[in-house]
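Participant: So that we are looking at the same thing, I have put the structure below in structure tokens.
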Amino acid sequence: MSKVTENAEKIIKAFWPGPITLVLPKAECVPLAVTGGLDTVAIRFPSNTVARELIKAAGIPVAAPSANSSGKPSPTRASHVEYDLNGKINMIIDGGPAEWGLESTILDVSVDKPVLLRPGAITKEMIEVVVGEIDVDPAVYMKPSADIVPKAPGMKYKHYSPAASVTLVSGSKDDVIRTINEKITEDSKKGLSIGIMATEQTKNCYKGGHVLVVGDRNKPETIGANLFKILRKFDYIGVDVVYSEVFDESGEGAAIMNRLNKAAAFKYIRC
Numbered sequence: 003m004s005k006v007t008e009n010a011e012k013i014i015k016a017f018w019p020g021p022i023t024l025v026l027p028k029a030e031c032v033p034l035a036v037t038g039g040l041d042t043v044a045i046r047f048p049s050n051t052v053a054r055e056l057i058k059a060a061g062i063p064v065a066a067p068s069a070n071s072s073g074k075p076s077p078t079r080a081s082h083v084e085y086d087l088n089g090k091i092n093m094i095i096d097g098g099p100a101e102w103g104l105e106s107t108i109l110d111v112s113v114d115k116p117v118l119l120r121p122g123a124i125t126k127e128m129i130e131v132v133v134g135e136i137d138v139d140p141a142v143y144m145k146p147s148a149d150i151v152p153k154a155p156g157m158k159y160k161h162y163s164p165a166a167s168v169t170l171v172s173g174s175k176d177d178v179i180r181t182i183n184e185k186i187t188e189d190s191k192k193g194l195s196i197g198i199m200a201t202e203q204t205k206n207c208y209k210g211g212h213v214l215v216v217g218d219r220n221k222p223e224t225i226g227a228n229l230f231k232i233l234r235k236f237d238y239i240g241v242d243v244v245y246s247e248v249f250d251e252s253g254e255g256a257a258i259m260n261r262l263n264k265a266a267a268f269k270y271i272r273c
């Protein structure tokens, strides 16, 4: 990087090593192949012991793209990497299941007022305690325009998505359950295989389909930890369509809903 900004120093002191990636101006020696053609570079200091030992063994900074096919759900365990990239890579280092389950927060600190590019385990609220008010890139919560160059991974229109079509169903608990059950009946008549992403609170409320529990609404960290695993499981089962409940977007929920919105390409049934 060409310089470390004041806000970057504050974030580093507060959260590194940990699940937050900082976008900074790149130095001239950093090739554009590493930065996706951008004049900024994303830097992270992971807390995972295996990742840090790998970097230590390399003895140099490591350029590390995601270990999955573009647009597909991110891997959270070694078996996911093998499923996506078997025969395309020489080795997989198994460090066990990902602790959080979602990718790191990405914060652009190359500008005067930091911009949240991707929510994650380090929440907007946590960051603002350290550096004051920050902006949020519009692509975090809405469809990005086709002519916008993504500033960070996962900002494309559709991402993190299984092979099946994903639809998010929002409304009161009773309305969501009723609507999804209606879709189960309707799609079953069409011969479609149906996946339902439910919670501990609703797992027994659906009348058919493949119901998979993503976590507990009262413990959002369980939903974050399981989200990509469940999306991938729908692929393994081979469902045609997936209906998912939606979640509170405060705190950790912002990252969960960001990933679900991208997986569904912002396709909703509002009831």
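If you count by our numbering, then the sequence shown holds residues 3 to 273, one letter each, in order.
The beta carbon of each residue, even a glycine, is placed where N, CA and C say it ideally should be.
1. Return the first residue and the last residue of the beta strand (DSSP E) that T23 is part of.
2. Quick check: what's the CA-CA separation for C207 versus L229?
3. Measure the alpha-carbon distance for A227 versus E101 and round it to whole angstroms.
4. Would you identify the three-state DSSP class for S81, choosing helix, strand or coil?
5. Taking the beta carbon of M93 as the centre, do at least 16 other beta carbons fall within 10 Å, making it buried, or is it exposed?
6. Under the rule that 16 or more other beta-carbon atoms within 10 Å means buried, what is S49, buried or exposed?
7. Within a Cβ cutoff of 6 angstroms, which residues of the same chain sit near V279, ignoring the five residues on either side of it in sequence?
8. Determine, using beta carbons only, whether K74 and S163 come nearer to each other than 8 angstroms.
9. What do you get for L118, buried or exposed, if any count of 16 or more other CB atoms within 10 angstroms of its CB means buried?
10. Going by beta carbon distance, what residues of the same chain come within less than 7 angstroms of V215, once the five residues before and after it are set aside?
11. Compare the beta carbon distance of A69 and V83 with 8 angstroms and say whether it is the shorter of the two.
12. Over what stretch of residues does the beta strand (DSSP E) that includes Y245 continue unbroken?
13. In the DSSP assignment, what are the bridge partners of L194?
14. Ends of the alpha helix (DSSP H) at I91?
15. Provide the residue(s) that pair with Y270 in DSSP beta bridges, ordered along the chain.
16. Among K175, G211, S174, which has the Cα closest to the Cα of E188?
17. Measuring CB to CB, does L26 end up less than 8 angstroms from A16?
18. Under the rule that 16 or more other beta-carbon atoms within 10 Å means buried, what is T23, buried or exposed?
19. So what's T107 in DSSP terms, helix, strand or just coil?
20. Check the C-beta distance from K5 over to V132 and give it rounded, since I have them as a contact under 8 angstroms.
21. Roughly how many angstroms separate the alpha carbons of A265 and R234, rounded to a whole number?
Facilitator: According to the structure shown:
1. The residue labelled residue 23 in the question sits at position 21 within the sequence shown. From DSSP, the beta strand (DSSP E) with T23 extends over 22-27.
2. Within the sequence shown, numbered from 1, the residue matching residue 207 stands at position 205. Within the sequence shown, numbered from 1, the residue matching residue 229 stands at position 227. One C-alpha to the other measures close to 20 angstroms.
3. Numbered from its first residue, the sequence shown carries residue 227 at position 225. Numbered from its first residue, the sequence shown carries residue 101 at position 99. Each residue's Cα considered, the two are about 7 angstroms apart.
4. For the purposes of this step, residue 81 is identified with residue 79 of the sequence shown, where counting begins at 1. If DSSP states are grouped into helix, strand and coil, S81 belongs with the helices.
5. Within the sequence shown, numbered from 1, the residue matching residue 93 stands at position 91. Result: exposed.
6. Translated into the one-based positions of the sequence shown, residue 49 becomes position 47. Exposed, since its Cβ has fewer than 16 Cβ neighbours within 10 Å.
7. No answer is possible for residue 279: the residues shown for the chain start at 3 and end at 273.
8. What you label residue 74 is simply residue 72 of the sequence shown in a count that begins at 1. What you label residue 163 is simply residue 161 of the sequence shown in a count that begins at 1. Their beta carbons are under 8 angstroms apart, which means K74 touches S163 by this criterion.
9. For the purposes of this step, residue 118 is taken as residue 116 along the sequence shown, with counting starting at 1. By the neighbour-count rule (16 or more Cβ atoms within 10 Å), L118 is buried.
10. Here residue 215 refers to the residue found at position 213 of the sequence shown. A200, T201, E202, K205, listed in sequence order.
11. The count along the sequence shown starts at 1 and reaches residue 69 at position 67. The count along the sequence shown starts at 1 and reaches residue 83 at position 81. In contact: A69 and V83 (Cβ atoms closer than 8 angstroms).
12. The sequence position of residue 245 within the sequence shown is 243, counting from 1. Counting along the chain, the beta strand (DSSP E) containing Y245 begins and ends at 243-247.
13. Your numbering for residue 194 matches position 192 in the sequence shown. Note: L194 sits in no beta bridge, so no partner.
14. Numbered from its first residue, the sequence shown carries residue 91 at position 89. Run containing I91: none; DSSP gives neither H nor E here.
15. Numbered from its first residue, the sequence shown carries residue 270 at position 268. Looking at the DSSP assignment, Y270 forms a beta bridge with L170.
16. The sequence position of residue 188 within the sequence shown is 186, counting from 1. The option with the nearest alpha carbon to E188 is G211.
17. Along the sequence shown, one-based indexing puts residue 26 at 24. Along the sequence shown, one-based indexing puts residue 16 at 14. No, Cβ-Cβ distance for L26 and A16 is not below 8 angstroms.
18. Looking up residue 23 in the sequence shown gives position 21. Label assigned to T23: buried.
19. Locating residue 107 in the sequence shown gives position 105, where the first residue counts as 1. It is a strand residue.
20. What you label residue 5 is simply residue 3 of the sequence shown in a count that begins at 1. What you label residue 132 is simply residue 130 of the sequence shown in a count that begins at 1. Actually they do not touch by this definition, with Cβ atoms about 19 angstroms apart.
21. Counting from one through the sequence shown, the residue named residue 265 turns up at place 263. Counting from one through the sequence shown, the residue named residue 234 turns up at place 232. The alpha-carbon atoms of A265 and R234 are separated by roughly 11 angstroms.
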